[in-house]
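**Student:**
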Amino acid sequence: GAGADNDLYINQAIVFIEDAIQYRSINHRVDSKSLWLYRWYYSRTCQWILSLTITIILALAFFENPSSLTVTSDVRYRLPAWNPPCGLTESIELLCFLVFMVDVSVKSYLVGWEEFWKNKWLMAYILTLIVSLTDWIVSLSFLCKEDVRIRRILRPFFLLQNSSMMKKTLKSINSTLPEMASVVLLLAVHLSLFTMFAMLLFARTKDGQQDKEWVVYFRNLPDSLTSLLVLLTTANNPDVMIPAYSKNRAYSIFFILFTVLGNLFLMNLLTAIIYNQFRGYLLKSVQSSLFRRRLGIRAAFEVLSSLKEAPANTQQSYVNTGALQQVLQKVEMDSRCKQAIMRSLKVCSCDQLSAAQFQKLFEELDKDAIKQHPPSPEYQSRFMQKMQFAFGHPYFGYLGNVVALANIVSICVVLVMDADKQPSERDDFFLGAINCFFILCYLLEMLLKILAMGLKRYLSYPSNRFDGLLTVILLVLEIATFAVYGFPHPGWRPEFIGLLSLWDMVRLGNMLIVFRFLRIIPNMKFMALVVTTLLDLVKNLRAFAGILVVVFYAFAITGIMLFKGAVISIYIKKVVVLSFKEKCDFMALFGYFQAEVFYCLLCLLSVNLIYRWAKIYFVAWWLISSVIWVNLFVALLLENFIHKWDRRCHREPLSDIEYQRTVELMFRDVLEEPTEEELMEKLHQHPHLQLCR
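This is how it looks when you write it as structure tokens:
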């Protein structure tokens, strides 16, 4: 009946608006049962379970053999790690696979059979699950003794496919690869040419004593190429040129030319190309997100205009404001946006909304999130008003910064004076006394600010919350110190008592005081701009961090499978040292165990023909992590910083208002609004929605 149709239209409008809010595609089933399933799938509980499952399956690598559950990574001191029995982690993994099977089944049903074959991510999802389950069965058949587990490398895919922004970012990176490849090819030509030059310059001579450069770095083509590739990263600079430079100073020209052309020109050219190309592709991705939002809102308008009580008009469709209010009450959206839309509806005197008016209402979703600070308390007493003015003035904050700087300087003076003293010779009286004095100053400052601003307004500023939290921690730590060791006095040097010694407690307090000095950042505009840019990257560019986790995880698991058993637990014994003596200096090995032994092992492995292929793994890691990913991060950092700088030049920030922007809003000023014809054409192509017009 008419009532059932109206309920269906209302539910469709609710889902379409929620799709628009989350930038989701509206190409899914829209019947009553499918809409219920769709809302259940995207509910917080269901998405939380899915996120938890992804976290668990990724975390299994830390518990599986070889386990990472040791306090230290040093093979000389660590105890044997606990390895779970066969079947324990596999059972957890099977439960995760079952959740993923339900996930892909629900997704496939909701998009429909026709859309399923167009969705490459869903097909890859099913293929990944099939391969993972097959590998899981093989693992159990071998009683968990196999070395190669393909499913472990595939686990990051579950994280990747669950984030629409990560998929868009990956698509943008994929589109940028051809332009990157041209510079990488130029870089390869640069390496090859200089490798040939190096082999000609540092060829073997009759005098073996003068061939140190040839012996160590340029013995053959693979070693020469590797040495210059490492020099491109500056990791072996200036070691690689020292033997040649000792022989003849003119050889330095070769290394200078290589470094200038490679590092200063080609690497920076790669950064410029990535910035230019990737910004364009990211802009296109954000443009498509805007189109999805406008399409979702327009779809909601079209279904609401099909309600039986909607005014019939052959020329133009309208939506009843009462129906929209009914929809808004059930939509899951930010309370700020919902209240703003409801206020706009009340201000609007009309009972009907056109498509343009309807779309304009939901432009509230695109606006900056504004956080307004609570007002200060109003005191009646003249004396309290003067106190409020004095302690609420910015100069009082500057005075607090000066006090914090004085505290830092005093700590530095004490540390310099006690640097060469033995712990038994230190007198902690002076340091304990100045810490006590400054902590009382910080406490007084916090209380006076709360008096002037009120508790709610004081806590509404992140800098005040940071300042107040550290002050409370310092106060608790100081009280604990007095309770255990008494008040400071000359010769204050008690023995270890309880959990921490006096020196540890004082040192912890000093570290917190140094950390507290970061409070000066909001008072320095340029520094504050840089910090807010970095914080925005952390908050808004989670997709890039997610892809970085995927890359790290895949390479880590691949490295475990490739090099398992290559580096054996070693103890510093005479026999072991002698086995390295031919390749490594004894004193270097003994004095710099961690770095030198690892380097020498890699050198020994590279001599073996079998392990020369390991260089491909490390070069691939360097290309992806350092060359491509770092440059992508620099490009996005520049984009975010330039955008904030432009906003700072055009609009001075208000004292009581904070603007919080997202990645989509970063490009809001340059995005193009889709036309009505484009929206209607896309809606008519919807596989499951039949419009009345």
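For the sequence shown, UniProt numbering gives the first residue as 1, with consecutive numbering after it. Cβ coordinates follow ideal geometry from the N, Cα and C atoms, glycine included. It should be emphasised that the depicted structure is a prediction, and the values quoted were computed from it without experimental measurement.
Nearest-angstrom Cα distance between Ala59 and Tyr251?
**Tutor:** In the sequence shown, counting from the first residue as 1, residue 59 sits at position 59. In the sequence shown, counting from the first residue as 1, residue 251 sits at position 251. Near 50 Å, if we compare the C-alpha coordinates of Tyr251 and Ala59.
**Student:** In this structure, does DSSP put Asn464 in helix, strand or coil?
**Tutor:** Taking the first residue of the sequence shown as 1, we reach residue 464 at position 464. Helix at Asn464.
**Student:** Quick one: residues in its chain with C-beta nearer than 7 Å to the C-beta of Ser139, no 5 flanking neighbours on either side, listed in chain order?
**Tutor:** The residue you call residue 139 lines up with position 139 of the sequence shown. Correct list, in chain order: Glu90, Glu146 and Arg149.
**Student:** Indicate the three-state DSSP secondary structure (helix, strand or coil) for Gln422 in the structure shown.
**Tutor:** Walking along the sequence shown from the start, residue 422 turns up at place 422. Coil, per DSSP.
**Student:** Keeping to the same chain, check which residues put their C-beta closer than 8 Å to that of Leu50; ignore five residues upstream and five downstream.
**Tutor:** As a working note, residue 50 is residue 50 in the sequence shown. Contacts found: Val99, Asp103 and Asn162.
**Student:** Out of Leu154, Ser381 and Leu638, state which residue places its alpha-carbon closest to the alpha-carbon of Ala61.
**Tutor:** For the purposes of this step, residue 61 is taken as residue 61 along the sequence shown, with counting starting at 1. The shortest Cα separation from Ala61 among Leu154, Ser381 and Leu638 belongs to Leu154.
**Student:** One question on the structure: do Ile54 and Leu159 come within less than 8 Å of each other, judged by their Cβ atoms?
**Tutor:** Here residue 54 refers to the residue found at position 54 of the sequence shown. Here residue 159 refers to the residue found at position 159 of the sequence shown. Yes, the pair counts as a contact, with Cβ atoms nearer than the cut-off.
**Student:** For the region 333–347 against the region 294–310, do three or more pairs of beta-carbon atoms, one drawn from each stretch, fall closer than 8 Å, so that the two count as touching?
**Tutor:** Verdict: no, contact absent.
**Student:** Are the beta-carbon atoms of Ser626 and Thr233 separated by less than 8 Å?
**Tutor:** In the sequence shown, counting from the first residue as 1, residue 626 sits at position 626. In the sequence shown, counting from the first residue as 1, residue 233 sits at position 233. The answer is yes: Cβ separation under 8 Å.
**Student:** Quick check on Lys581: buried or exposed, where buried means 16 or more other Cβ atoms within 10 Å of its Cβ?
**Tutor:** Your numbering for residue 581 matches position 581 in the sequence shown. In this prediction, Lys581 has a pLDDT of 40, which is less than 50 and means its spatial position is unreliable; what the coordinates show is noted afterwards. Burial call: exposed.
**Student:** For Leu459, which residues in the same chain have their Cβ closer than 8 Å to its Cβ, ignoring the five residues on either side in sequence?
**Tutor:** Position 459 of the sequence shown, counting from 1, holds the residue named residue 459. The residues are Arg465 and Gly468.
**Student:** Cutting at 6 Å between CB atoms, please list the residues of its own chain near Leu290, excluding the five before and the five after it.
**Tutor:** Here the question's residue 290 lines up with position 290 in the sequence shown. Closer than 6 Å at the Cβ level, and outside the excluded window around Leu290, lie Leu671.
**Student:** What residue range does the alpha helix (DSSP H) around Leu459 cover?
**Tutor:** If you number the sequence shown from 1, residue 459 lands on position 459. Looking at the DSSP string, the run of the alpha helix (DSSP H) that includes Leu459 is Leu455 to Leu459.
**Student:** Looking only at its own chain, which residues have a Cβ that is under 8 Å from the Cβ of Trp40, when we skip the five neighbours before and after it?
**Tutor:** Residue numbering aside, residue 40 sits at position 40 when the sequence shown is read from its first letter. Once the five neighbours on either side are set aside, the close Cβ partners of Trp40 are Cys46.
**Student:** Residue range of the alpha helix (DSSP H) that Ser182 falls in?
**Tutor:** For the purposes of this step, residue 182 is taken as residue 182 along the sequence shown, with counting starting at 1. Start and end: Ser164 to Leu201.
**Student:** Have a look at Tyr42, Asp5 and Pro66 and flag the residue whose alpha-carbon is nearest the alpha-carbon of Leu562.
**Tutor:** To locate residue 562, count along the sequence shown from 1; it is residue 562. Minimum Cα distance to Leu562 is reached at Pro66.
**Student:** Examine chain D for any beta-carbon lying closer than 8 Å to the beta-carbon of Val670, and answer yes or no.
**Tutor:** Checking the listed chains, one finds no chain D in this structure; it contains a single protein chain.
**Student:** Suppose you measure from the CA of Ala181 to the CA of Ile273; what does that come to, to the nearest Å?
**Tutor:** Looking up residue 181 in the sequence shown gives position 181. Looking up residue 273 in the sequence shown gives position 273. Cα to Cα, the separation comes out at about 11 Å.
**Student:** Which value, in whole angstroms, describes the spacing of the CA atoms of Tyr9 and Val111?
**Tutor:** For the purposes of this step, residue 9 is taken as residue 9 along the sequence shown, with counting starting at 1. For the purposes of this step, residue 111 is taken as residue 111 along the sequence shown, with counting starting at 1. Whole-angstrom Cα-Cα distance: 19 Å.
**Student:** Between which two residues does the alpha helix (DSSP H) carrying Ala250 extend?
**Tutor:** In the sequence shown, residue 250 corresponds to position 250, counting from 1. Segment: none, Ala250 is in no alpha helix (DSSP H) and carries neither H nor E.
**Student:** Could you give the C-beta distance for Leu143 and Met101, rounded to a whole number, given that I count them as a contact under 8 Å?
**Tutor:** Taking the first residue of the sequence shown as 1, we reach residue 143 at position 143. Taking the first residue of the sequence shown as 1, we reach residue 101 at position 101. With 8 Å as the limit, Leu143 and Met101 do not qualify as a contact, their Cβ atoms being about 25 Å apart.
**Student:** Take the Cβ of Thr72 as the centre, count every other Cβ of all protein chains shown within 10 Å, and call the residue buried at 16 or more, exposed below.
**Tutor:** Counting from 1 along the sequence shown, the entry for residue 72 is found at position 72. It counts as exposed.
**Student:** Let's see if you can read the secondary structure: which residues bound the alpha helix (DSSP H) around residue 698?
**Tutor:** No answer is possible for residue 698: the residues shown for the chain start at 1 and end at 693.
**Student:** Could you check the C-alpha separation between Leu638 and Arg293 for me, to the nearest Å?
**Tutor:** Counting from one through the sequence shown, the residue named residue 638 turns up at place 638. Counting from one through the sequence shown, the residue named residue 293 turns up at place 293. Computed Cα separation, rounded: 27 Å.
**Student:** Could you tell me the alpha carbon to alpha carbon distance between Pro462 and His373, rounded to whole angstroms?
**Tutor:** Position 462 of the sequence shown, counted from the first residue, corresponds to residue 462. Position 373 of the sequence shown, counted from the first residue, corresponds to residue 373. Cα to Cα, Pro462 sits roughly 11 Å from His373.
**Student:** Going by beta carbon distance, what residues of the same chain come within less than 7 Å of Ala300, once the five residues before and after it are set aside?
**Tutor:** Taking the first residue of the sequence shown as position 1, residue 300 is located at position 300. Only Ala13, Phe16 and Ile17 meet the Cβ criterion.
**Student:** Taking C-alpha atoms, which residue in Ser344, Thr321, Ser105 and Gln326 lies nearest to Asp351?
**Tutor:** As a working mapping, residue 351 is identified with position 351 in the sequence shown. Asp351 has its Cα closest to that of Thr321, out of Ser344, Thr321, Ser105 and Gln326.
**Student:** Out of Ala20, Val30 and Val216, point me to the one whose CA is closest to His686's CA.
**Tutor:** Along the sequence shown, read from residue 1 onward, the residue named residue 686 stands at position 686. Here the closest residue by C-alpha is Val30.
**Student:** In the DSSP assignment, what residue or residues form a beta bridge with Gln690?
**Tutor:** Numbered from 1 along the sequence shown, position 690 holds the residue referred to as residue 690. Looking at the DSSP assignment, Gln690 forms no beta bridge with any residue, so it has no partner.
**Student:** Provide the residue(s) that pair with Gln352 in DSSP beta bridges, ordered along the chain.
**Tutor:** Here residue 352 refers to the residue found at position 352 when the sequence shown is read from its first residue. Answer is Asn320, bridged to Gln352.
**Student:** To the nearest angstrom, report how far apart Ser569 and Leu79 are at their CA atoms.
**Tutor:** Translated into positions along the sequence shown, residue 569 becomes position 569. Translated into positions along the sequence shown, residue 79 becomes position 79. Confidence is the limiting factor: at Ser569 the pLDDT is only 42, short of 50, which leaves the residue's position unreliable, though a coordinate-based value still follows. Taking the straight line from one Cα to the other gives about 11 Å.
**Student:** Is it the case that the Cβ atoms of residue 694 and Met166 are separated by a distance below 8 Å?
**Tutor:** The structure shown does not extend to residue 694, since the chain is modelled only from 1 through 693, so no value can be given for it.
**Student:** Would you call the region 437–451 and the region 390–410 in contact, with 3 or more CB pairs under 8 Å?
**Tutor:** At 8 Å Cβ cutoff, the stretches touch.
**Student:** Helix, strand or coil for Trp82 per DSSP?
**Tutor:** In the sequence shown, residue 82 corresponds to position 82, counting from 1. DSSP places Trp82 in coil when its eight states are reduced to three.
**Student:** Tell me whether Ser410 sits in a helix, a strand or coil according to DSSP, three-state version.
**Tutor:** Numbered from its first residue, the sequence shown carries residue 410 at position 410. Helix, per DSSP.
**Student:** Sort Trp621, His190 and Gln287 by Cα distance to Val260 and report the nearest one.
**Tutor:** As a working mapping, residue 260 is identified with position 260 in the sequence shown. Nearest C-alpha to Val260: His190.
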